Amino acid sequence: MDLAGLAVLVEAAQAGSLAGAARRLGISPLMATRRLAALEEAMGARLMQRATRSLALTPEGEAMLPFAQAMLENEAAARASVRPSSAGASGLLRLTASAAFGRKVVVPVVADFLTDNPQVSVDLLLTDTVVDIVGQGIDLAIRIAHLKDSALIARRLADNPRGLYATPGYLAARGTPAAAVDLAEHECLCLSGTTHWSFAGDGRERRIRVRGRFTANSIEGLRDICLAGLGIAVLSEWDVREEVARGALVALRLCDGELEPLAVWGVHPSARFVPPKVRLFMDALAKALR
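Start counting the sequence shown at 1; every next residue gets the next number (the UniProt record's numbering).
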């Protein structure tokens, strides 16, 4: 199939007209019409219904559209693979990150990345659930976790220091824990399903059972309840830097251990082909985290 015809199909579906597709592709309306007709002849099916002032995909066109988009993206990826990094990124970059980290850290990096790379576009999925990046066509997932073995490729971008935090009001009312075992006497704000916090100290790891009246599936929920003075939460330094600076939250230091460290990872589907857009975005994010 001719990629030029596929481009007309995709752009016409988005623009709603062949004239709009022609403008986007920088060709004449007559050329767009001819390319679409040639594609339909090659496919042996009508892909679009034309009217005087409207255009719509036929059922065959609807079925064809995602394949056309995929083939055009593959062509762009092939071109990008031989393009030097100094030329910048190009094409559509699909990213995913957790909601809090995405809003506070990833979005500002994306803004600079789009400015520095005018030929790239970004589709960002913010979610606190683990995404099947292969199944959903994601180019890069930013994860803060202990990674399990898989067929995916991961690059460590930065450390992710975490700590225990509470408000001055909570500590004044309930006291400040000095050791890990003291947490049993406190309201511990945990992610849903979490029953223990892990601490490292004296060359060993300890799991301390924690309980509280509030759990959430979102770090943002825990952070907000912690700021309301209702307990102690495990939070990342990047998430509470401003609150600690103005005295709204206090970082707690235990005498017998520190929280198990995590890292920020960039996870992508394959090591054989890492498009410049993925490689350059990981470089930009790693630089911002430093």
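Where a beta carbon is used, it is the ideal one built from N, C-alpha and C, also for glycine.
Here the structure is a predicted model, which is why all the values come from computation and not from measurement.
(request) Return the CA-CA distance between L275 and L259, expressed in angstroms with no decimal places. (result) Contrary to the premise, residue 275 reads as Pro rather than Leu in this sequence. Near 36 Å, if we compare the C-alpha coordinates of L259 and P275.
(request) Please report the residue range of the alpha helix (DSSP H) in which V10 lies. (result) V10: member of the alpha helix (DSSP H) spanning 3–15, first to last residue.
(message) Quick test of your reading: V130 and V122, contact by CB under 8 Å. State the CB separation rounded to the nearest angstrom.
(response) The Cβ separation is near 21 Å, so there is no contact.
(request) Identify which residue in L183, L125, L230, A228 has its Cα closest to the Cα of I208. (result) Selected option, being the one with the closest Cα: L183.
(request) Could you please give the first and the last residue of the uninterrupted alpha helix (DSSP H) stretch that includes C190? (result) First-last for C190: 188–191, but that is the beta strand (DSSP E), not the alpha helix (DSSP H).
(request) May I ask you to list the residues that DSSP assigns as paired with N216? (result) The amino acid at residue 216 is misidentified as Asn; the sequence shows Ala. BP columns for A216 point to L191.
(request) Helix, strand or coil for R23, going by three-state DSSP, please let me know. (result) Helix.
(request) Find out if the Cβ-Cβ distance for the pair D139, L93 is shorter than 7 Å. (result) A contact, by the Cβ cut-off of 7 Å.
(request) Measure how close the beta-carbons of C226 and A166 come, nearest whole angstrom, since I'm counting them as under 8 Å. (result) That pair is a contact at about 7 Å.
(request) Tell me whether N160 sits in a helix, a strand or coil according to DSSP, three-state version. (result) Looking at N160 - three-state DSSP - the assignment turns out to be strand.
(message) Using only the alpha-carbon positions, how far apart do A200 and D256 sit?
(response) Pairing A200 with D256, the inter-Cα distance amounts to about 8 Å.
(message) Using the three-state DSSP reduction, which class does I153 fall into: helix, strand or coil?
(response) In this structure, I153 counts as strand in the three-state DSSP scheme.
(message) Using C-beta distances below 8 Å, list every residue in its chain close to L25, excluding the 5 sequence neighbours before and after it, in chain order.
(response) Around L25, the same chain offers A7, V8, E11, A32 as residues with beta carbons nearer than 8 Å, after the five sequence neighbours per side are excluded.
(message) Using a Cβ-Cβ distance cut-off of 7 Å, determine whether V120 contacts chain B.
(response) Reference to chain B is not applicable here, since this structure consists of a single protein chain.
(request) Identify every residue that forms a DSSP beta bridge with Q49. (result) In DSSP, Q49 forms a bridge with A56.
(message) With a threshold of 8 Å, are at least 3 pairs of Cβ atoms found where one atom belongs to the stretch 213–221 and the other to the stretch 230–241?
(response) Using a C-beta cut-off of 8 Å, the stretch 213–221 makes contact with the stretch 230–241, since at least three inter-stretch Cβ pairs fall below that distance.
(request) Tell me, to the nearest whole angstrom, how far the beta carbon of L18 is from that of L55; I am working on the premise that it is less than 8 Å. (result) Yes, they are in contact, since the Cβ atoms of L18 and L55 sit about 6 Å apart, within 8 Å.
(message) Let me check understanding here. Comparing Cα to Cα, which of R156, H196, M282 lies closest to A180?
(response) Considering only alpha carbons, the answer is H196.
(message) Judging by CA-CA distance, which residue of F214, W238, R241 is the nearest neighbour of A228?
(response) When each option's Cα is compared against that of A228, the closest is F214.
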